[in-house]
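These notes are about the structure you will find just below.
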Amino acid sequence: LSRDTPQIAELIPSGAYGVDDLDRAGGIPAVMKTLEPLLNLDALTVTGKTVGENIAGARRLDEEIIRPLDKPIRRTGGIAILRGNLAPGGAVLKTAGVPPSMMRFRGRARVFDREEDAVDALMNRRIKEGEVVVIRYEGPRGGPGMREMLAPTATLVGLGLIEKIALITDGRFSGATRGLCIGHISPEAAEGGPIAVIEDGDMISIDVEKRSLSVELSDEELRRRLEAWKPPKPKIDRGWLLRYSLSVSSADTGAILRPRGMQT
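Put into structure tokens, the structure is as follows:
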């Protein structure tokens with residue numbers, strides 16, 4: 095869908111306009127009206143009306159903020175799903191925030207099992223330009239709860255490294271993220287996904303145009319590491335969060351709760 099849906103608005107931090115500007119330009123109804131040829135207008139909504147009925151009176155009031163469909167900011171959408179031997183179930187990237195110089199990126203992995211350890215390494219300048227920060231065991235099960243990786247991305251921005259270092263994680267990001275920051279890697283480390291067996295120095299290859307995220311290891315070596323992997327002790331050993339971590343599904347299936355033994 096993202097490849098077939100043009101990006102017609104660009105808001106802070108990727109663009110110059112805020113949500114208040116978008117509202118003055120007609121808001122989400124105007125965005126949907128502009129995208130009307132791509133929508134199922136007969137779909138029933140919570141208003142009791144169809145999508146088509148909801149946007150019938152919507153108007154685009156500023157074509158600089160909400161671009162016409164034939165003059166988009168980009169021909170494709172701002173979200174991409176990347177796959178590869180590092181993310182067989184997929185990973186999520188906000189392409190709108192990626193600088194052109196990082197659309198293809200190859201660098202050595204620097205691996206951390208906690209967000210805090212990655213931030214400490216960045217603050218103490220132990221990460222070099224051109225490397226890939228790998229933060230794992232922060233997914234739905236491993237976090238538990240799939241923590242937002244705000245601190246490391248903010249640190250990269252503050253240090254002026256957001257266009258020089260990539261970051262990949264089984265955790266998540268907010269909509270304000272920019273740079274080559276890839277989240278939602280599935281399966282997550284706590285499930286024994288490939289990200290769990292990445293080691294410092296492994297070469298990570300990212301190609302946004304090809305939607306690929308891979309570690310440059312042979313199938314045999316990756317299989318050997320996965321067979322030797324053992325799950326770490328849970329971060330939480332009692333209460334609701336323990337129950338959650340034992341029952342939550344992978345991010346690529348919605349991180350929903352399932353009865354134990356039915357996780358996918």
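When we follow my numbering, the leftmost residue of the sequence shown carries the number 95, and every step to the right adds one.
Every residue gets a Cβ at the ideal spot worked out from N, C-alpha and C, and that includes glycine.
Exercise. Which residues does DSSP pair with Met297 in a beta bridge?
Worked result: Position 203 of the sequence shown, counted from the start, is the residue given in the question as residue 297. For Met297, which the question treats as bridged, DSSP gives the partners Arg202.
Problem set entry | Straight-line Cα distance separating Gly348 from Leu443 | Because the chain here runs from 95 to 358, residue 443 falls outside it and cannot be looked at.
For this session: Would you give the residue range spanned by the alpha helix (DSSP H) that Thr249 belongs to?
Result: Here residue 249 corresponds to residue number 155 of the sequence shown, with the count starting at 1. First-last of the alpha helix (DSSP H) with Thr249: Leu244 to Gly252.
Problem set entry | Neighbourhood of Phe199 by C-beta, 7 Å cutoff - its chain only, sequence neighbours within 5 removed | Looking up residue 199 in the sequence shown gives position 105. For Phe199, where only same-chain residues beyond five positions count, the Cβ hits under 7 Å are Ala260, Leu274 and Ile300.
Exercise. Exposed or buried, which one is Ser344 when buried takes at least 16 other CB atoms within 10 Å?
Worked result: Sequence index remark: in the sequence shown, residue 344 carries index 250 (1-based). Buried, by the Cβ-count rule.
For this session: Would you mind working out which of Asp117, Glu209, Lys222 and Arg352 sits nearest Met240, comparing C-alpha positions?
Result: On the sequence shown, residue 240 is found 146 positions in, with the first residue counted as 1. For the residues Asp117, Glu209, Lys222 and Arg352, the minimum Cα distance to Met240 belongs to Glu209.
Exercise. Beta carbon of Thr144, beta carbon of Arg97: below 8 Å?
Worked result: For the purposes of this step, residue 144 is taken as the residue at position 50 of the sequence shown. For the purposes of this step, residue 97 is taken as the residue at position 3 of the sequence shown. Contact flag unset, no.
Exercise. If you follow the beta strand (DSSP E) that Lys188 is part of, which residue opens it and which one closes it?
Worked result: Translated into the one-based positions of the sequence shown, residue 188 becomes position 94. Run containing Lys188: Ala181 to Lys188, per the beta strand (DSSP E) assignment.
Problem set entry | Given Ile229 as reference, the closest of Gly277, Ala322 and Pro162 once Cα atoms are compared | Here the question's residue 229 lines up with position 135 in the sequence shown. Of Gly277, Ala322 and Pro162, the residue nearest in Cα terms is Gly277.
Problem set entry | Extent of the continuous beta strand (DSSP E) to which Ile122 belongs | In the sequence shown, the residue the question calls residue 122 occupies position 28. Per DSSP, Ile122 belongs to no beta strand (DSSP E); it is in the alpha helix (DSSP H), Gly121 to Thr128.
Problem set entry | alpha helix (DSSP H) segment containing Ala260, residue limits | The sequence position of residue 260 within the sequence shown is 166, counting from 1. No alpha helix (DSSP H) holds Ala260; the beta strand (DSSP E) holding it covers Ala260 to Thr263.
Exercise. Straight-line CA distance for Arg235 to Ser341?
Worked result: Residue 235 sits at position 141 when you count from the first residue of the sequence shown. Residue 341 sits at position 247 when you count from the first residue of the sequence shown. Roughly 8 Å separates the two Cα atoms.
Problem set entry | Contacts around Leu311, its chain only, beta-carbon distance under 6 Å, and the 5 residues preceding and following it disregarded | Sequence index remark: in the sequence shown, residue 311 carries index 217 (1-based). Nothing meets the Cβ criterion.
For this session: Let me know the secondary structure DSSP gives Ala345 once reduced to three states.
Result: What you label residue 345 is simply residue 251 of the sequence shown in a count that begins at 1. It is helical.
Exercise. Which residue from Ser108, Ala322, Glu282 and Ala119 puts its Cα closest to that of Ile262?
Worked result: For the purposes of this step, residue 262 is identified with residue 168 of the sequence shown, where counting begins at 1. Among Ser108, Ala322, Glu282 and Ala119, the Cα nearest to that of Ile262 is on Glu282.
Problem set entry | Straight-line gap, Arg219 to Glu293 (C-alpha atoms, nearest Å) | In the sequence shown, counting from the first residue as 1, residue 219 sits at position 125. In the sequence shown, counting from the first residue as 1, residue 293 sits at position 199. For Arg219 and Glu293, the distance between alpha carbons rounds to 19 Å.
Exercise. Quick one: what's Pro111 bridged to in DSSP?
Worked result: Along the sequence shown, one-based indexing puts residue 111 at 17. Sequence check: residue 111 is Tyr here, not Pro. Looking at the DSSP assignment, Tyr111 forms a beta bridge with Leu105.
For this session: Within its chain, find whatever has a CB closer than 6 Å to the CB of Gly286; leave out the 5 residues flanking it on each side and keep chain order.
Result: Taking the first residue of the sequence shown as position 1, residue 286 is located at position 192. Trp323.
For this session: Report all residues from its chain with a CB closer than 6 Å to the CB of Leu123; omit the five preceding and five following residues, and keep chain order.
Result: The residue you call residue 123 lines up with position 29 of the sequence shown. The question names Leu, yet the displayed sequence has Pro at residue 123. Here the set comprises Ile149 and Ala152.
Exercise. So, helix, strand or coil for Val291, using DSSP?
Worked result: For the purposes of this step, residue 291 is taken as residue 197 along the sequence shown, with counting starting at 1. It is helical.
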